[in-house]
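First comes the structure, then the notes that go with it.
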Amino acid sequence: MGHLDHATFGWLTPVLSYVMACIGAALGLRCTVRALGATGRSRRNWLVTAASAIGSGIWTMHFVAMLGFSVSGTDIRYDVPLTILSLLVAMLVVCAGVFAVGYSRDRTRALFLGGLTTGLGVASMHYLGMAAVRLHGRVGYDPALVALSVVIAVVAATAALWAGLNIKSPVAVTVASLIMGAAVTSMHYTAMFAVSVRVTPSGQALPGATAMQFIFPLAVGLGSYLFLTSAFVALSPTTGEREASASAQRPVESAAH
């Protein structure tokens with residue numbers, strides 16, 4: 000059995016992964032709030048932005064945490080197509096959940112189905128990412144911890160969608176994002192503690208890319224996207240601000256006539 004280290008760089012990767020999960024959650028919630036106050040194409044665009052933010056945040060959290068994952072006695076590589084597929088899965092399932100809540104008239108039913116779909120999608124993203132791992136040996140899983148990680152993912156996803164529907168103030172969004180970030184990070188490390196590796200020493204070169212060759216640049220790119228989108232959302236006027244601006248202009252236009 001190989002010794003698994005989930006924090007090769009100490010607290011750096013766990014803390015940074017938590018921060019990325021919180022940023023994605025906060026941005027997703029703010030975009031969802033904007034979407035619920037909009038109509039037509041504007042609502043759709045805000046929901047797409049919310050889904051991409053949450054999906055990017057979750058994926059970046061997962062693979063930033065994986066930068067600190069190592070197994071004694073073997074190198075680790077990542078299958079590039081499977082890793083990209085895991086990102087697409089995260090984006091698509093979160094998008095499905097967010098749109099279900101954003102457009103459904105029966106919010107309770109949409110919340111249940113959206114939370115279940117999104118949670119299972121987040122878990123699928125994680126285990127697809129783990130399936131992309133290439134090492135000298137065989138990877139096994141503890142079924143009880145796998146099941147627990149899936150439950151945490153579903154609960155976290157449902158809580159995220161509920162927060163998007165019910166939480167409006169910036170302070171409340173910040174608190175909810177910190178809680179959601181903790182939930183998503185807990186899901187990741189619960190799933191990682193389910194992993195065991197039976198190392199088979201070999202001098203053969205492993206296929207795939209190292210974490211620094213592929214995952215690190217992609218995580219930096221997605222992290223930059225999250226920060227830039229956060230700035231855009233912060234600077235764009237809310238529905239209330241637009242309505243107030245329009246109301247202020249009407250008396251001026253009336254007086255001009």
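Note that numbering that gives the first Met the number 0 numbers the sequence shown so that position 210 is 209, with each residue one more than the last.
Note that beta-carbon positions come from the ideal geometry of N, C-alpha and C, so glycine has one too.
R76 sits in a strand when the DSSP states are folded into three classes. Exclusion of the five residues before and after A208 leaves R76, Y77 and V79 as the residues of its chain whose Cβ lies within less than 7 angstroms of its Cβ. Counting along the chain, R42 sits inside no beta strand (DSSP E); it lies in the alpha helix (DSSP H) bounded by residues G39 to M65. For the options L91, Y224 and V70, the alpha carbon positioned closest to that of P200 is the one of V70.
From the listed residues G36, G39 and S55, the smallest Cα separation to L217 is found for S55. Counting along the chain, the unbroken alpha helix (DSSP H) around G120 starts and ends at R106 to A130. Taking the Cβ atoms as the reference, A152 lies roughly 5 angstroms from M186, within the contact range of under 8 angstroms. Contact between G180 and A49 fails: their C-beta atoms lie close to 16 angstroms from each other, not under 8 angstroms. Using a Cβ distance threshold of 7 angstroms, T117 and V88 do not count as a contacting pair. DSSP places G180 inside the alpha helix (DSSP H), whose first and last residues are P169 to F192. Measuring C-alpha to C-alpha distances from V154 to each of R133, A175 and G114 identifies G114 as the nearest.
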